[in-house]
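In the working numbering, the protein residues as written are 24 to 614. What follows is a single structure, written as structure tokens, with notes after it.
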Amino acid sequence: MAARSKPLQVLLKRLTVIQETWRTDMEHNPTNTAAHPVETGPSNWRDYPAGLALYALCELAEDVAQRNLEPADLDELLAAASDFQDEVIDYEYGGGWDEPGRGLDFIPIACKNIVKEPRQGKLDLPSDANKFLHEFKGLLARVLSFNEFLPQRAEYDPTTRPSEAHTSPLARFHPHRVASATPELTALTEARCEITSTDSAAPLALAISQNDVASLLGATGRDGISTLSIQPISLSQNAADAVTVDIDAHFEGVPYAMCLDGQRSLAWLGDQDRVKAYRWTLPENADSKGSVQPLHTFASKGYGGAMFLRNAGGRIFRSGTCGMAIWDLASLAAASGTTASNVGRGKGKKKAKQDGGSPPTTTVEAKALSEIVTMDDHPDGSGNILAIHRSEETRRCTRVSAVDLETHKIAARFLGHSADVNCIATSKELRDPTGFVTAASDGGVRFYDTRLPTPQFAIDHGEEKIYTAVYEHIGGHPFIIFGAHKSQQIQVWDVRGRAALYQLSTGNNAVRDLAWDAPSQSLFAATEFSNGLRGYRWAGSEEEQFLWPKMAWHGENEFGVPFDAGNHRIIRYKFKSDANPNVVPASGRTA
């Protein structure tokens with residue numbers, strides 16, 4: 024092994040100091056309480072040992088980026104820093120403390136350039152609970168700084184709508200505005216959208232092909248079969264109900280990996296042990312029926328991670344515990360190695376066990392290709408990927424990297440998360456060759472430059488898990504759109520201004536996944552209903568009463584019209600300059 028360079032030795036010593044300081048802080052702070060005063064940034068809420076260590080890591084990585092290190096030295100240092108970041112996070116969440124309950128339930132965001140939404144408090148609560156505490160404001164004021172802790176919840180103000188004629192009443196605006204130069208930009212920034220929805224089973228994921236949108240839905244019925252529902256984007260959501268084709272996905276486990284090949288109308292689905300392909304044909308009209316043709320079954324045991332297509336859909340890649348499995352369709356066809364005879368045939372999980380499946384055409388053993396749970400294409404168009412890795416040691420998904428598919432090596436590493444990373448997204452319509460976004464379980468949505476190891480800025484959405492985000496250039500302007508789970512909303516952010524524009528109602532549903540279709544200027548949201556077991560109350564006036572969930576995050580007066588989904592739904596927000604604001608979904612439970 025070659026001797027380490029002096030600059031690397033110095034930087035590794037700094038990392039060692041951070042590690043030793045963290046361990047000393049834990050030893051001297053057995054109750055794991057916040058230390059005061061500590062200057063680590065704009066908020067003393069990250070003054071726990073974990074937060075201090077993670078913030079120091081970001082400072083170190085930021086300093087390293089300014090030095091002209093050799094690539095091998097840079098990778099060694101950032102790999103060690105990434106290992107330590109994972110160790111700190113797992114210690115808090117994984118019960119590293121000697122006494123139960125000492126670990127943090129939530130590690131606050133600990134990096135530089137944190138931006139918060141206007142009116143966001145430190146103690147976020149559902150609408151009814153928030154209202155109750157505000158009624159006791161005088162009592163609480165003697166105990167804590169009331170306005171600092173509770174978010175300010177004002178009723179909907181119609182005067183905040185940028186366009187009275189076209190802005191949707193299901194959008195709630197923040198003060199920040201973007202100068203509009205194109206019709207597409209105006210429609211997005213002013214929330215000029217028509218909103219429609221379709222009831223569904225519990226959604227797992229969304230995907231957009233060239234002309235269609237696919238919703239992977241959870242298992243229903245006695246057989247426990249998941250469904251992939253496909254409908255054309257060109258039609259309105261309601262009209263598309265009649266021309267939807269559903270694929271019954273017969274797997275022994277739950278299919279969670281999905282890829283669409285729109286050019287060939289192929290849907291690829293995968294559970295832990297298999298990958299299956301189906302060709303769909305949509306019905307021509309409401310009086311005809313579509314068709315589904317099962318094509319392939321691939322045996323992917325040991326390769327149950329992220330799945331993606333290359334070579335115009337001719338090669339299928341899937342990450343596993345030791346590397347990557349690759350199926351080459353041309354080679355398999357030439358060798359007669361694939362068959363559609365039993366793909367998705369029969370019923371239920373018992374039949375799924377009988378499906379054989381072709382082994383991979385080839386496998387590549389490489390740590391950089393292993394344990395990838397989520398990925399997206401690298402924004403530079405090189406064909407490489409950005410990946411979220413699961414740690415072999417802790418099983419946490421906190422490691423984000425750029426992976427070179429030709430050399431099978433890590434090309435760059437990215438730090439700055441405080442919990443599992445759930446989503447990674449790059450711009451599709453107008454490529455930003457260096458920008459990407461992550462969504463994490465620490466309530467953060469981070470914007471990165473692929474040339475730097477730390478976030479350019481981080482959106483702090485409070486203490487909740489963020490499962491999905493999209494990063495798109497719309498009307499030539501970059502936006503981040505993310506869906507919130509606990510707070511049941513979609514947020515639209517201006518990247519250049521680093522500021523929130525508005526939130527969209529999801530009908531009191533949690534957001535599971537988002538997908539943007541540029542040609543139709545449509546945002547699709549897969550949303551989960553979770554208010555049923557918590558009960559409903561009567562709301563509205565004496566003349567017009569309706570039911571509202573007791574634990575809904577928003578009150579019935581926080582948007583221009585009350586909308587409660589009352590079921591799992593796929594919601595479509597179609598943006599256009601002449602949008603009819605009266606096009607909104609009907610509530611699911613009215614009496």
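Glycine is no exception: its CB is placed at the ideal position from the N, C-alpha and C atoms.
query                                                                                                                                                              : result
Indicate whether the contact test is met: 3 or more Cβ pairs, each with one atom in the stretch 422-442 and one in the stretch 473-480, closer than 8 Å.           : yes
How many angstroms separate the CA atom of residue 466 from the CA atom of residue 105?                                                                            : 20 Å
Please state whether the Cβ-Cβ distance between residue 397 and residue 349 is less than 8 Å.                                                                      : no
Report buried or exposed for residue 410, applying the criterion of at least 16 other Cβ atoms within 10 angstroms of its Cβ.                                      : buried
On the criterion of 16 or more Cβ atoms from any shown chain inside 10 Å, does residue 223 qualify as buried, or is it exposed?                                    : buried
Whose C-beta lies closer than 6 Å to the C-beta of residue 326 among residues of the same chain, with five residues either side of it excluded?                    : 341, 343, 348
Leaving out five residues on either side along the sequence, give the residues of the same chain with a beta carbon under 6 Å from the beta carbon of residue 301. : 270, 290, 315, 317
In the DSSP assignment, what are the bridge partners of residue 470?                                                                                               : 460, 480
What's the C-alpha gap between residue 487 and residue 29?                                                                                                         : 42 Å
Report the residue from 606, 576, 568, 232 whose alpha carbon sits nearest the alpha carbon of residue 612.                                                        : 568
Please confirm if the stretch 591-605 is in contact with the stretch 188-195, defined as three or more CB-CB distances below 8 Å between the two stretches.        : yes
Quick test of your reading: residue 337 and residue 402, contact by CB under 8 Å. State the CB separation rounded to the nearest angstrom.                         : Actually they are not in contact, since the Cβ atoms of residue 337 and residue 402 sit about 23 Å apart, beyond 8 Å.
Out of curiosity, what's the CA-to-CA distance linking residue 179 and residue 334?                                                                                : 50 Å
What are the boundary residues of the beta strand (DSSP E) that residue 274 is part of?                                                                            : Counting along the chain, residue 274 falls outside any beta strand (DSSP E), and DSSP gives it neither H nor E.
Nearest to residue 536 by CA position, among 509, 493, 580, is which residue?                                                                                      : 493
Taking contact to mean 3 or more Cβ pairs, one atom from each stretch, closer than 8 Å, check whether the stretch 207-225 and the stretch 568-580 are in contact.  : no
What does the Cβ neighbour count give for residue 491, buried or exposed, with the cut at 16 atoms within 10 Å?                                                    : buried
Quick check: what's the CA-CA separation for residue 570 versus residue 428?                                                                                       : 53 Å
Distance, Cα to Cα, residue 27 vs residue 88?                                                                                                                      : 18 Å
Bridge partners for residue 302 per DSSP, in chain order?                                                                                                          : 289, 316
Under three-state DSSP, which class holds residue 521?                                                                                                             : coil
Please state whether the Cβ-Cβ distance between residue 226 and residue 508 is less than 8 Å.                                                                      : no
Along the chain, where does the alpha helix (DSSP H) that runs through residue 74 open and close?                                                                  : 72-88
Taking buried to mean at least 16 other C-beta atoms within 10 Å of its own C-beta, is residue 540 buried or exposed?                                              : buried
Can you check whether the CB of residue 132 is closer than 8 Å to the CB of residue 481?                                                                           : yes
Tell me, which residues are paired with residue 239 by DSSP?                                                                                                       : 228, 251
Assign residue 534 to one of three DSSP states: helix, strand, or coil.                                                                                            : strand
Would residue 328 pass as a contact of residue 408 if the rule is Cβ separation under 8 Å?                                                                         : no
Where does residue 350 sit, in a helix, a strand or coil, going by DSSP?                                                                                           : strand
Going by DSSP, what residue range makes up the beta strand (DSSP E) through residue 568?                                                                           : 568-572
Taking the beta carbon of residue 108 as the centre, do at least 16 other beta carbons fall within 10 Å, making it buried, or is it exposed?                       : buried
Can you say whether residue 312 is buried or exposed, counting buried as having 16 or more other CB atoms within 10 angstroms of its CB?                           : exposed
Just the Cα atoms here: how many angstroms apart are residue 368 and residue 275?                                                                                  : For residue 368, the predicted model reports a pLDDT of 49, less than 50, meaning its position is unreliable; a value from the coordinates is still stated below. So the alpha carbons of these two residues sit roughly 13 Å apart.
What are the partner residues of residue 495, as DSSP defines its beta bridges?                                                                                    : 502
Using a Cβ-Cβ cutoff of less than 6 Å, which residues in the same chain neighbour residue 233 once the five nearest sequence positions on both sides are dropped?  : 285
Hey, how far is the Cα of residue 99 from the Cα of residue 79?                                                                                                    : 18 Å
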